Amino acid sequence: MAEVRTRFAPSPTGALHVGGAHTALFAWLFARHQGGKFVLRIEDTDEVRSTEESLGAIYDGLNWIGIDWDEGPDLGGPYGPYIQSERLDTYNEYVDQLLGSGRAYPCYCTPEELEERQEVMRKRGLPPRYDGRCRDLSEEERRRLEAEGRKPCIRFRIREGGTTVVNDIIRGQVGFDNALMGDFVIRKTSGYPTYHMAVVVDDHLMQISHVIRAEEHLSNTPRHLQLMDALGFEPPQFAHLPIILGPDRTKLSKRHGAVNLMDYKQQGFLPEAMRNFLALIGWSTGSEQEILDLDELVEKFRLEEVSKSPGIFDLEKATWLNGEYLKRADAEYVTEMVEPVLRQAGLIEADLSPERREWLVKVVDLMKERTRLLTDFVSWARYFFTDEYPYDERARKKWLRREEVPDRLDALAERLETLEAWNVDSIEAAVRGLADELEVSAAKVIHPCRSAVTGQTIGPSLFHLMELLPQETVVGRLRRTAELSRAGELEPTDGEG
RNA sequence: GCCCUCAUGGUCUAGUGGUCAGGAUACCGGGUUCUCAGCCCGGGGGCCGGGGUUCGACUCCCCGUGGGGGUACCA
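Just so you know, we're using the working numbering here: the first sequence kicks off at -15 and counts up by one.
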């Protein structure tokens, strides 16, 4: 059996979209699972919308989630170039072949004329497809039209009768009535091929064995099949993937929030979590396992198991998954990932000393159990990095405005200030000692203390967290909070009691 | 309009001509004598509707309905 070769063929009209990443991932997983090759091809035949910058953005997105390619514009390969705008001569050869065999013909209709006629057809309740006006023009008529200054595009002649059947790995056999297809353009007036022409030629020339793409292309496939047939190409296998929808069940778009893959990096997602999440939209192992690392994904992926129904991009679930990855990852790795986030928030300096860096790993280790996004470190772990943290509502309501609290905080500050050793055990002993002396439960000291030192009512073990803060910082915060409390500055701000 | 396609709790999904329709997430409740957005335990909630086939249908067929895609000199 021939080598498995799949490809991802984005058009460079913007950054890598979540849907594009999903398609790329599936094609890549299949190739890797089969031990085949994965090709990146850029389909920039839309001269108007294609941009240079998007190319870089596509590379960045793919790199981020760990998709690599064996052949592509940057890498080259045996079937290059891998950018369609650099392959115009190739497409023209095949267009000429079709022209020669009579399966294609020049069409002189202008876009305005086309639109007008389609409008009429629509009004009559007819399908608004190309009416075939230029199908059988005589030489003389063509000359006359060209004398008018018209520049033709080239159309492909659809087979008159019968059905074109698409054999799809995911969807089975899908039949399309040829009579319902209009002759479509294969070369634009500008000389550029259309998508239909370019994919067919490139997939053939690049020896693509499996065309794995989003479902939106399923209805175009019979056109491609007819082109392949007319050109004498052996059709590849097809697999049309379910598309990704927004929470309102319409196609995922900007209205739904972030659609660019890299926006999720910005939001604090780990690439492996995003990859895992994307892999689980429209596919599952059939087992109950949901957390799969790269190797497991590659090992277990089966195209036959891909679902036919569209999936919704559920940010909640993605966030949960990210939290699981954070929890399981080792602190050193998470630290690496979180550093730029903290730096961007201005919470750590640009160059961390080895000691400071070691300390940061400990902070991360303490926090990662309960964070879901890297950006949670900026909000929930803020107090590790600065004295400028807010006292949240619950802390104000439950503890900080209580009458007895300021004195308790001062008393605790005094005890902690004189501690010889600053570690979990000594801190815990001091805190519990105070509680005993006051004849109150430890909680009555612990909670106000947490509220004072972190501004929050939740977080990791208080003693462990205090250990990672300098002794004088803790003491200072206790005294500052006591003072603010006495001054009535720590009443709830939402006006509620 | 026409063509194609999809349909299991809110969401991601497993699954079968006879099942207590399974898991995860989200939600709710309880526990965790330092908190919870963490952890543990528990709970509610589902086979789109109508016909048929069948002893029996969530499962097979047909028709609706709803979603998506195509019908472009966009890809």
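No residue lacks a Cβ here, since even glycine has one placed at the ideal position from N, Cα and C.
Quantities reported herein were computed from a predicted structural model and do not represent experimental measurements.
4-residue-minimum alpha helix (DSSP H) runs that sit fully inside the stretch 356 to 403, ordered along the chain: 360 to 364 and 389 to 401
Taking a contact to mean a Cβ-Cβ separation below 8 Å, would you say His180 touches Phe217 in this structure? For the purposes of this step, residue 180 is taken as residue 196 along the first sequence, with counting starting at 1. For the purposes of this step, residue 217 is taken as residue 233 along the first sequence, with counting starting at 1. No, the pair does not count as a contact, with Cβ atoms beyond the cut-off.
Specify, as a first and last residue, the run of the beta strand (DSSP E) that Gln221 falls within. Numbered from its first residue, the first sequence carries residue 221 at position 237. Gln221 -> beta strand (DSSP E) spans Gln221 to Leu225.
Go through the stretch 119 to 172 residue by residue and report every complete run of the beta strand (DSSP E) that reaches 3 residues or more, in order. 137 to 140, 147 to 152, 156 to 161 and 169 to 171
Just list the residues that DSSP pairs Arg197 with in beta bridges. Residue 197 sits at position 213 when you count from the first residue of the first sequence. His224, per the DSSP bridge assignment.
Quick one: Cα of Glu388 to Cα of Lys382, how far? The residue you call residue 388 lines up with position 404 of the first sequence. The residue you call residue 382 lines up with position 398 of the first sequence. Each residue's alpha carbon lies about 12 Å from the other.
Where Asn407 falls: helix, strand or coil (DSSP): Indexing the first sequence from 1 puts residue 407 at position 423. Three-state result, Asn407: coil.
Which residues share a DSSP beta bridge with Ile67? Here residue 67 corresponds to residue number 83 of the first sequence, with the count starting at 1. According to DSSP, Ile67 bridges with Ile26.
Alpha-carbon spacing of Glu480 relative to Arg470, whole angstroms: In the first sequence, counting from the first residue as 1, residue 480 sits at position 496. In the first sequence, counting from the first residue as 1, residue 470 sits at position 486. The pLDDT assigned to Glu480 is 43, lower than 50, so where the model puts this residue is not dependable; a value taken from the coordinates is nonetheless given after this. So the alpha carbons of these two residues sit roughly 19 Å apart.
Environment of Glu569 [buried if 16+ CB atoms lie within 10 Å]: Outside the modelled stretch of the chain, which goes from -15 to 481, sits residue 569, for which no answer is possible.
Using the three-state DSSP reduction, which class does Phe217 fall into: helix, strand or coil? As a first step, residue 217 must be located in the first sequence, where it is residue number 233. If DSSP states are grouped into helix, strand and coil, Phe217 belongs with coil.
DSSP state of Cys91, grouped into three classes? Translated into the one-based positions of the first sequence, residue 91 becomes position 107. DSSP places Cys91 in strand when its eight states are reduced to three.
May I ask you to report which of helix, strand or coil DSSP gives Ala(-7)? The residue given as residue -7 occupies position 9 in the first sequence. Three-state DSSP puts Ala(-7) in coil, outside helix and strand.
Same chain only: Cβ atoms within 8 Å of Ile142, ignoring 5 sequence neighbours per side: The residue given as residue 142 occupies position 158 in the first sequence. Closer than 8 Å at Cβ, skipping near neighbours: Asn162, Met165, Gly166, Asp167, Phe168, Arg207 and Gln210.
Opposing strand residues paired with Leu229 [DSSP bridges]: The residue given as residue 229 occupies position 245 in the first sequence. Note: Leu229 sits in a beta bridge opposite Lys235 and Ile296.
According to the neighbour-count rule (16 or more other Cβ atoms, all chains shown, within 10 Å of its Cβ), is Lys238 buried or exposed? Here the question's residue 238 lines up with position 254 in the first sequence. With fewer than 16 Cβ atoms within 10 Å of its Cβ, Lys238 is classed as exposed.
Buried or exposed, going by whether 16 or more other CB atoms sit within 10 Å of the CB of Ser174? On the first sequence, position 190 is the one that residue 174 refers to. When all chains shown are included, Ser174 counts as exposed.
By the three-class DSSP mapping on this structure, what secondary structure does Gly307 have? In the first sequence, counting from the first residue as 1, residue 307 sits at position 323. Looking at Gly307 - three-state DSSP - the assignment turns out to be helix.
DSSP state of Val2, grouped into three classes? Position 18 of the first sequence, counting from 1, holds the residue named residue 2. In the structure shown, Val2 sits in a helix (DSSP, three-state: H, G or I).
Go ahead and label Gln440 buried or exposed: buried means 16 or more other beta carbons lie within 10 angstroms of its beta carbon, across all protein chains shown. As a working mapping, residue 440 is identified with position 456 in the first sequence. Counting Cβ neighbours within 10 Å, Gln440 comes out buried, since at least 16 surround it.
Can you tell me where the alpha helix (DSSP H) with Pro432 in it begins and where it stops? Within the first sequence, the letter at position 448 stands for residue 432. It spans Ala427 to Thr438 - the alpha helix (DSSP H) in which Pro432 sits, taken as one unbroken run.
Asn244 - containing alpha helix (DSSP H), residue span: On the first sequence, residue 244 is found 260 positions in, with the first residue counted as 1. Asn244 -> no alpha helix (DSSP H), and no H or E assigned at all.
Use the C-beta contact count for Lys352: other C-beta atoms within 10 angstroms, 16 or more gives buried, fewer gives exposed. Indexing the first sequence from 1 puts residue 352 at position 368. Lys352 should be labelled buried.
Counting along the chain, where does the alpha helix (DSSP H) carrying Gly45 start and finish? Residue 45 sits at position 61 when you count from the first residue of the first sequence. It spans Glu36 to Trp48 - the alpha helix (DSSP H) in which Gly45 sits, taken as one unbroken run.
What's the gap between the Cα of Leu384 and the Cα of Glu398? Position 400 of the first sequence, counted from the first residue, corresponds to residue 384. Position 414 of the first sequence, counted from the first residue, corresponds to residue 398. For Leu384 and Glu398, the distance between alpha carbons rounds to 18 Å.
Which residue from Phe447, Asp232 and Met190 puts its Cα closest to that of Leu299? Here residue 299 is taken as the residue at index 315 of the first sequence, counted from 1. It is Asp232 whose Cα lies nearest to the Cα of Leu299.
Would you identify the three-state DSSP class for Gly20, choosing helix, strand or coil? Here residue 20 is taken as the residue at index 36 of the first sequence, counted from 1. Gly20: coil per DSSP, three-state reduction.
Compare the C-alpha of Glu27 against each of Pro(-4), Ala466 and Pro338 and name the closest. What you label residue 27 is simply residue 43 of the first sequence in a count that begins at 1. Ranking the options by Cα distance to Glu27, first place goes to Pro(-4).
In its own chain, which residues sit with a C-beta less than 7 Å from the C-beta of Tyr309, not counting the 5 before and 5 after it? Reading the first sequence from its first residue, position 325 is the one you call residue 309. Cβ neighbours of Tyr309 beyond the five flanking positions: Leu254, Glu256 and Ala257.
Coil, strand or helix - Glu485 by DSSP: A question about residue 485 goes unanswered here, because the residues of the chain that appear run from -15 up to 481.
Determine, using beta carbons only, whether Asn151 and Phe261 come nearer to each other than 8 Å. Translated into positions along the first sequence, residue 151 becomes position 167. Translated into positions along the first sequence, residue 261 becomes position 277. Cβ distance not < 8 Å, so Asn151 and Phe261 don't count as in contact.
State the start and end residues of the unbroken alpha helix (DSSP H) segment that holds Ala466. For the purposes of this step, residue 466 is identified with residue 482 of the first sequence, where counting begins at 1. Here the alpha helix (DSSP H) through Ala466 covers Gln455 to Arg470.
Using the three-state DSSP reduction, which class does Pro111 fall into: helix, strand or coil? Your numbering for residue 111 matches position 127 in the first sequence. Coil at Pro111, not helix or strand.
Does the stretch 96 to 114 come close enough to the stretch 55 to 72 that 3 or more CB-CB pairs lie under 8 Å? no
Following the continuous alpha helix (DSSP H) through Gly116, name the residue where it begins and the one where it ends. Here residue 116 is taken as the residue at index 132 of the first sequence, counted from 1. That residue, Gly116, is in no alpha helix (DSSP H); it is neither H nor E in DSSP.
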